[in-house]
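Okay, so the sequence shown: first residue is 676 according to the numbering used here, each after it adds one. All C-beta atoms in this analysis are idealised placements derived from N, C-alpha and C, irrespective of residue type, glycine included.
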Amino acid sequence: MALSQLNWQDRLHVLVGYCLLKTGRLTFDAFTEAELNDIVRPYFPIKVPLEVPIGEGSFECLEGQLTMPLSTNRLTLQLFCSVEIRALGTTIYRAHVAVSVSALPNYFPASRTLRFTDARVDVVHLLNDRYSLLKDTQFIIDKLLPGPLSGLSSLLGQPLRSALSIVTAGSTEQALAYLRLYLQGNTQRILDYHKPKIEQQLLNELESRAIGYTLSDEVWREFLFARWGKRVVVEDKSLRFYFTE
Numbered sequence: 676m677a678l679s680q681l682n683w684q685d686r687l688h689v690l691v692g693y694c695l696l697k698t699g700r701l702t703f704d705a706f707t708e709a710e711l712n713d714i715v716r717p718y719f720p721i722k723v724p725l726e727v728p729i730g731e732g733s734f735e736c737l738e739g740q741l742t743m744p745l746s747t748n749r750l751t752l753q754l755f756c757s758v759e760i761r762a763l764g765t766t767i768y769r770a771h772v773a774v775s776v777s778a779l780p781n782y783f784p785a786s787r788t789l790r791f792t793d794a795r796v797d798v799v800h801l802l803n804d805r806y807s808l809l810k811d812t813q814f815i816i817d818k819l820l821p822g823p824l825s826g827l828s829s830l831l832g833q834p835l836r837s838a839l840s841i842v843t844a845g846s847t848e849q850a851l852a853y854l855r856l857y858l859q860g861n862t863q864r865i866l867d868y869h870k871p872k873i874e875q876q877l878l879n880e881l882e883s884r885a886i887g888y889t890l891s892d893e894v895w896r897e898f899l900f901a902r903w904g905k906r907v908v909v910e911d912k913s914l915r916f917y918f919t920e
């Protein structure tokens with residue numbers, strides 16, 4: 676065993692653990708939710724792209740907390756997020772959103788890697804708090820159109836479709852459908868419109884980050900499992916690293 680990267684106390688821990696393994700007295704090591712969250716916390720905040728028909732959109736995961744439900748072998752990441760839509764420098768929609776993402780833990784001994792597979796977005800829930808903001812359709816039209824055109828639109832009865840064609844380079848139908856959501860004044864409906872893209876972008880972000888972790892030789896618990904570990908499961912609200920098949 677190459678113990679050179681460990682201090683003498685950690686080397687002793689490894690040797691004791693090895694003896695316990697050989698005598699059958701150590702069958703698994705367990706990481707609690709608190710321990711896992713200490714690992715996850717530095718990765719936040721995370722910004723995720725969000726395309727919108729008019730203006731610019733942003734979706735940001737501000738905080739994340741790992742939980743391990745008793746009834747399943749899935750790790751759940753509870754995310755506290757913000758979504759914001761801006762048009763010409765002005766915020767026209769803003770909300771806090773709670774998102775729940777889950778995945779299966781799998782351990783690959785050959786590469787000493789813990790990977791999370793079958794990732795899915797389980798919940799996207801609007802939080803009605805003081806952060807929420809929704810501008811009405813008239814405000815948006817006045818903001819999108821140049822000043823003189825905005826006034827002419829009202830005086831001459833210029834159809835909304837024609838006005839939108841000026842600022843959307845012809846993609847009028849999609850923009851009209853989007854603006855109707857603001858006309859209804861329903862914050863939830865606007866979030867529902869963006870929900871499929873938010874879910875897909877979150878999954879893309881997880882995939883791009885490889886949602887995996889290679890065990891380190893500089894941490895004695897990881898050192899021990901990297902050499903004799905077999906599988907990983909969620910049990911009793913902890914992530915258990917088993918040394919048995």
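What does the Cβ neighbour count give for residue i, buried or exposed, with the cut at 16 atoms within 10 Å?
i, result
"HIS869", "buried"
"VAL715", "exposed"
"TYR718", "exposed"
"ALA850", "buried"
"LEU856", "buried"
"VAL907", "buried"
"TYR768", "buried"
"GLY832", "Any answer about GLY832 is weak, because its pLDDT of 40 lies below 50 and its placement is not dependable; what the coordinates show is given next. Answer is exposed; the Cβ neighbour count stays below 16."
"PRO780", "buried"
"TYR806", "exposed"
"VAL842", "Caution is warranted here: a pLDDT of 47 is assigned to VAL842, below 50, making its placement in the model unreliable, and the coordinate value is therefore given only provisionally. So VAL842 ends up on the buried side."
"ARG749", "buried"
CB residue i to CB residue j, shorter than 7 Å?
i, j, result
"GLY692", "LEU899", "yes"
"PHE783", "LEU914", "no"
"TYR917", "LYS905", "yes"
"GLU874", "VAL723", "no"
"SER733", "GLU710", "no"
"ASP713", "TRP895", "no"
With DSSP as the reference, identify every bridge partner of residue i, one or two as the case may be.
i, result
"ARG761", "GLU731, THR766"
"GLY887", "ARG790"
"ALA773", "PHE755, HIS800"
"GLU910", "SER913"
"THR707", "SER913"
If you compare alpha carbons, which of the options is closest to residue i?
i, options, result
"GLU882", "VAL796, SER807, ALA850, ASN861", "VAL796"
"TRP903", "LYS810, SER786, ASN879", "SER786"
"ALA770", "LEU696, LEU745, VAL799", "VAL799"
"LEU741", "LYS912, LEU890, GLU708", "GLU708"
Contact the region 720-740 vs the region 752-769: 3+ CB pairs below 8 Å: With the cut-off at 8 Å, the region 720-740 and the region 752-769 touch.
Can we say the region 763-772 touches the region 785-798, given the rule of at least three CB pairs closer than 8 Å? In this structure the region 763-772 does not lie against the region 785-798, because fewer than three pairs of beta carbons, one per stretch, are closer than 8 Å.
Touch test, the region 696-703 against the region 718-729, Cβ-Cβ under 8 Å, three pairs minimum: Note that the region 696-703 does not touch the region 718-729; fewer than 3 beta-carbon pairs, one per stretch, sit closer than 8 Å.
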